[in-house]
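Q: Could you have a look at this structure, given as structure tokens, before my questions?
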Amino acid sequence: MSELVKTFVEKGVFHIELHRANKKNSLIAEMYLALREALVEAQTNDKVHVILFKGGKNCFCAGNDIADFLNESVLDTDGPIASFLHELADVQKPIIAAVSGPAIGIGTTLLLHCDLVYATEQSVFSLPFVNLGVCAEAGSSYLLSRQIGHVRAAELLLFGEAFDAQKAKTFGLINDIVDSDSYWEFAQQQAEKLAAKPLQALMVNKQLMKPDNELVHQIIEQEIIEFSRLIKTEDAKTIFKKFLSR
Numbered sequence: 005m006s007e008l009v010k011t012f013v014e015k016g017v018f019h020i021e022l023h024r025a026n027k028k029n030s031l032i033a034e035m036y037l038a039l040r041e042a043l044v045e046a047q048t049n050d051k052v053h054v055i056l057f058k059g060g061k062n063c064f065c066a067g068n069d070i071a072d073f074l075n076e077s078v079l080d081t082d083g084p085i086a087s088f089l090h091e092l093a094d095v096q097k098p099i100i101a102a103v104s105g106p107a108i109g110i111g112t113t114l115l116l117h118c119d120l121v122y123a124t125e126q127s128v129f130s131l132p133f134v135n136l137g138v139c140a141e142a143g144s145s146y147l148l149s150r151q152i153g154h155v156r157a158a159e160l161l162l163f164g165e166a167f168d169a170q171k172a173k174t175f176g177l178i179n180d181i182v183d184s185d186s187y188w189e190f191a192q193q194q195a196e197k198l199a200a201k202p203l204q205a206l207m208v209n210k211q212l213m214k215p216d217n218e219l220v221h222q223i224i225e226q227e228i229i230e231f232s233r234l235i236k237t238e239d240a241k242t243i244f245k246k247f248l249s250r
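Take the sequence shown: its letters are residues 5 to 250, numbered as in our numbering.
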């Protein structure tokens, strides 16, 4: 397991914590591989009833590390990102996320695969894909519309503007806004409360709420294909060049 992704089990909860604070928890291929490995471990451990995601207090996840991300092999349909996303979509156990600070790109889209999301007032969400000359990922082109409706999804995806925790709650992206001093403890309490419930009942109920999972996998793959095509366009190349020269 990578040093950049920490995991441990406590009271039936499988904790997954991002540990790349010096880069605002931006994800690299190594972390995607570790995250997939963590999900497999959590799913196959009968003592685990719930999975709990955490970033840092000042930044949940700043998206993908652009320099690493521009490596073409990372974007293969069987590459580390795709492998993680397909595994995430297949997780049968409840997933909770505790968010504080920026959640950019994948930092927001992975939340669409979570069953419960709690965020602090300081949280800021962003889906900047169009502004970068690319398309949505992690199944968000479908999952976002399914969760919050087409017009709201279009607003967030097409404008690509950052939005705060209050808007995220109003739109139905998060369950609640919690105090920044106790958000992690609150998320842990919620996870432990779920972990005390019968595992099979939790898993079956989650599965029944996701009857379209095969479609989600198809969307994830199609997004990766389109993303890989768009990132090679002149628009995207110019945008990313400016980004990297900052």
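In this text, a Cβ means the ideal position worked out from N, Cα and C, and glycines have one as well.
Just the Cα atoms here: how many angstroms apart are F167 and I152?
A: Indexing the sequence shown from 1 puts residue 167 at position 163. Indexing the sequence shown from 1 puts residue 152 at position 148. Approximately 15 Å, taken between the alpha carbons.
Q: Determine whether the beta carbon atoms of H53 and L198 lie at a separation below 9 Å.
A: Position 49 of the sequence shown, counted from the start, is the residue given in the question as residue 53. Position 194 of the sequence shown, counted from the start, is the residue given in the question as residue 198. Cβ atoms of H53 and L198: closer than 9 Å.
Q: Report the start-end ranges of each alpha helix (DSSP H) in the segment 10-74 that is 4 residues or longer and not cut off at the edges.
A: 33-48 and 70-73
Q: Taking the alpha carbon of W188 as the reference point, which residue from N68, A123, L206 and Q222 has its own alpha carbon closest?
A: Locating residue 188 in the sequence shown gives position 184, counting from the first residue. Closest by alpha carbon: A123.
Q: May I ask you to report which of helix, strand or coil DSSP gives I181?
A: The residue given as residue 181 occupies position 177 in the sequence shown. Three-state result, I181: strand.
Q: Roughly how many angstroms lie between the CA atoms of S87 and P132, to the nearest whole one?
A: Start at 1 with the first residue of the sequence shown, and residue 87 comes out as number 83. Start at 1 with the first residue of the sequence shown, and residue 132 comes out as number 128. S87 and P132 have their C-alpha atoms spaced approximately 22 Å apart.
Q: G176 to P84, Cα distance in whole Å?
A: Looking up residue 176 in the sequence shown gives position 172. Looking up residue 84 in the sequence shown gives position 80. If you take the alpha carbons of G176 and P84, they lie about 29 Å apart.
Q: With three or more beta-carbon pairs closer than 8 Å as the criterion, would you say the segment 56-67 touches the segment 200-215?
A: Result no; under three Cβ-Cβ pairs closer than 8 Å.
Q: Is DSSP giving S130 helix, strand or coil here?
A: Translated into the one-based positions of the sequence shown, residue 130 becomes position 126. Strand, per DSSP.
Q: Name the DSSP bridge partner or partners of Y122?
A: By one-based count along the sequence shown, residue 122 stands at place 118. DSSP output for Y122 lists A102 and D180 as bridge partner(s).
Q: Enumerate, from N- to C-terminal direction, the unbroken beta strand (DSSP E) stretches of 3 or more residues contained entirely within the segment 191-230.
A: Whole beta strand (DSSP E) segments, 3+ residues: zero.
Q: Between the C-alpha atoms of A191 and G137, what's the straight-line distance to the nearest angstrom?
A: Locating residue 191 in the sequence shown gives position 187, counting from the first residue. Locating residue 137 in the sequence shown gives position 133, counting from the first residue. Straight-line Cα distance between these residues: approximately 35 Å.
Q: May I ask you to report which of helix, strand or coil DSSP gives A86?
A: As a working mapping, residue 86 is identified with position 82 in the sequence shown. It is helical.
Q: Report yes or no: do three or more beta-carbon pairs, one from the segment 33-53 and one from the segment 180-187, lie closer than 8 Å?
A: no
Q: Closest by CA to S6, which one among I20, K173 and G16?
A: Looking up residue 6 in the sequence shown gives position 2. Among I20, K173 and G16, the Cα nearest to that of S6 belongs to I20.
Q: In or out: E218 buried (at least 16 other Cβ within 10 Å) or exposed?
A: Reading the sequence shown from its first residue, position 214 is the one you call residue 218. Classification of E218: exposed, given that the 10 Å Cβ count is below 16.
Q: From the DSSP secondary-structure annotation, give me the bridge partner or partners of F167.
A: Position 163 of the sequence shown, counted from the start, is the residue given in the question as residue 167. Beta-bridge pairing by DSSP links F167 to F129.
Q: Distance check for L89 and F163, CA to CA, integer angstroms please.
A: As a working note, residue 163 is residue 159 in the sequence shown. As a working note, residue 89 is residue 85 in the sequence shown. The alpha-carbon separation between F163 and L89 amounts to approximately 24 Å.
Q: Could you tell me if L56 is buried or exposed, where buried requires 16 or more neighbouring beta carbons within 10 angstroms of its beta carbon?
A: As a working note, residue 56 is residue 52 in the sequence shown. L56 comes out buried.
Q: Thinking C-alpha only, which one of D183, G16, V220 and I228 is nearest P98?
A: Sequence index remark: in the sequence shown, residue 98 carries index 94 (1-based). Looking at the Cα atoms, G16 is the closest of the given residues.
Q: May I ask you to report which of helix, strand or coil DSSP gives A142?
A: Indexing the sequence shown from 1 puts residue 142 at position 138. Here A142 sits in coil by DSSP.
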